[in-house]
DNA sequence: CAGTGCTTTTGTGTATACATGAAGGGCGGC
DNA sequence: GCCGCCCTTCATGTATACACAAAAGCACTG
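Residue numbers (the working numbering), protein chains in the order written: chain B, 1270 to 1485; chain X, 1270 to 1485.
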């Protein structure tokens, strides 16, 4: 693997994990030395992170990990709503109904059995991949990939409670059913509802975390 | 200005102008020599172009200018529709009505006087800037900027006729009026109509250009 | 003592040298 | 004569050296 890829993935993971918190300064020489690569591939990694919006050039000389506050999350979800509603509509038109019927059944089963976090996240990831595949639009997929990159960090900031997770499974089931039924309106509206609930939960969790900053 | 910026802008302009046609191979040493910069800033420029989607890595070793065909344009407009409808809705909620009333009046005047191409494109650019400003969402604005970058090339491929241009002014006037009236539904639907008409015109022009490939 | 200007230092921007790997051509064998 | 292997070459990936600019610190002056 290329050194620039390693640097990118490492930094990406560290930013998503919170090991590199918002505001952390990323000096080229410093990070290059730490990651064991030279400045050239590290610069490329920083450029990619900047294109993703995960780091920003605070001043011409200093690159920092971008901040994430409630307003950012609202903006992200505005963007996400526009894209995912469109994606849901397109998938309802183009997707293989059988594939989404199968996904819907899996969501239903997961909801009943109440499985763990990792099973749920894995299922979500497969659902997202199927959506991307069905939509078959590189512009949309690329933008959705960027959003998901940011969402990893947002989820970490606002640790979702099991109750919300369970509700989310049901919402996904409905979206998958709608796509399988080729009902574009329902798919879009169910997506809207899902994102509304997700945002509400995240903002509530964030506000809660602010009042009692412990438990880190 | 930085050498990497110069390289980026030059290459961007040449791709948008068609001087670098789709499929053109961009070797690092070759382009670096041609543009009078070294490989390091040129690589950065290529990376930015790749992030924009204007060049693609055809194979691990060769970077080419991305192709634009009718399917690409349809995909671009699907994406654009999702974003601009959302932007129109948000602008209708958040924009300063007076600003868009003024823009709407300018569109009306332009429509009456039948001014030239450059005046129209300039007005559109100001409208887009006002929209970006009103929406106040970096994710949306960033995605819209990417779209506009691609649109320059699309417009060049499908030279729009004066008739379509004139109709487009009227469609923009309606969108601006809707935003000024804070009518989100009308703004979104007028945007949808506008993009539908624009896409139809572009695809027709493209099909026409294919049957008579002269007039280049 | 404070303010200003100079100097030093540090970090980025750029150029170039080196390593590595793939692709193409040529030569040899079958 | 054709196929396959090896060698050469050239492209990218990486490392590093150099240049420049900005910021910080110190010293000198008012």
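Ideal Cβ positions, reconstructed from N, Cα and C, are used throughout, including at glycine.
Query	Result
Beta-carbon proximity of residue 1478 of chain X to residue 1436 of chain X, cut-off 8 angstroms	no
Euclidean distance between Cα positions of residue 1389 of chain X and residue 1338 of chain X	26 angstroms
Minimum Cβ-Cβ distance from residue 1345 of chain X to chain B less than 8 angstroms	yes
Which listed residue (B:1419, B:1370 and B:1309) has its alpha carbon closest to that of residue 1400 of chain B	B:1370
Cβ-based burial, residue 1331 of chain X [other Cβ within 10 Å; buried from 16]	exposed
Partners in chain B for residue 1323 of chain X, counting only beta-carbon separations shorter than 8 angstroms	What residue 1323 of chain X touches in chain B: nothing, since even the nearest Cβ is about 12 angstroms away.
Candidates X:1444, X:1272 and X:1288: closest to residue 1306 of chain X by CA position	X:1272
Backbone CA spacing between residue 1485 of chain B and residue 1398 of chain B [nearest angstrom]	Interpretation of residue 1485 of chain B is limited by its pLDDT of 45, a score under 50 that renders its predicted location unreliable; the figure taken from the coordinates is listed afterwards. Using only the alpha carbons, I get a separation of about 32 angstroms.
Neighbour-count burial assignment, residue 1421 of chain X, 16 or more Cβ in a 10 Å radius	exposed
Neighbourhood of residue 1350 of chain B by C-beta distance below 7 angstroms, restricted to the same chain and skipping five residues each side	1461 and 1464
Assumed close pair residue 1287 of chain X, residue 1425 of chain X - CB separation to whole angstroms, cut-off 8 angstroms	6 angstroms
DSSP state of residue 1326 of chain X mapped onto helix, strand, coil	strand
Within 8 angstroms, strictly: CB atoms of residue 1444 of chain B and residue 1459 of chain B	yes
Close beta carbons around residue 1375 of chain X, own chain, < 8 angstroms, minus the five adjacent residues each side	1392
Option nearest residue 1413 of chain B by Cα separation, candidates B:1377, B:1473 and B:1346	B:1346
Whether residue 1455 of chain B touches residue 1467 of chain B by CB criterion (8 angstroms)	no
Chain-ordered neighbours of residue 1443 of chain B on chain X, where CB pairs are closer than 9 angstroms	Neighbours of residue 1443 of chain B on chain X: none; closest Cβ ~21 angstroms, over 9 angstroms.
Interface positions of the segment 1406 to 1427 of chain X facing chain B (Cβ-Cβ less than 9 angstroms), listed along the chain	1406, 1407, 1408, 1409, 1411, 1412, 1415, 1416 and 1419
Nearest-angstrom beta carbon gap, residue 1333 of chain X and residue 1284 of chain X [assumed within contact, 8 angstroms]	No, residue 1284 of chain X and residue 1333 of chain X are not in contact; Cβ-Cβ is about 11 angstroms, not under 8 angstroms.
Contained alpha helix (DSSP H) runs [length at least 4] in the segment 1340 to 1370 of chain B, N- to C-terminal order	none
Neighbour flag for residue 1313 of chain X against chain B, beta carbons, 8 angstroms	yes
Residue-chain proximity (residue 1468 of chain B, chain X), Cβ-Cβ < 8 angstroms	no
Interface partners of residue 1309 of chain X on chain B, CB under 8 angstroms	1309
Closer than 7 angstroms at the beta carbon, the chain X residues around residue 1351 of chain B	1351, 1352 and 1355
Distance between residue 1320 of chain X and residue 1314 of chain B (C-alpha atoms, nearest Å)	13 angstroms
Residues bridged to residue 1332 of chain X [DSSP beta-bridge criterion]	X:1326
Residue-chain proximity (residue 1361 of chain X, chain B), Cβ-Cβ < 8 angstroms	no
Those residues which DSSP pairs with residue 1294 of chain B across a bridge	B:1333
Outcome for residue 1481 of chain X when other beta-carbon atoms lying within 10 angstroms are tallied against a minimum of 16	exposed
Contact under 8 angstroms by Cβ, residue 1304 of chain B with residue 1355 of chain B	no
Residue 1274 of chain B burial status per 10 Å Cβ neighbour count (16 or more: buried)	exposed
For residue 1288 of chain B, the first and last residue of its enclosing alpha helix (DSSP H)	No alpha helix (DSSP H) holds residue 1288 of chain B; DSSP gives it neither H nor E.
Closer than 8 angstroms to chain X by CB, residue 1369 of chain B	no
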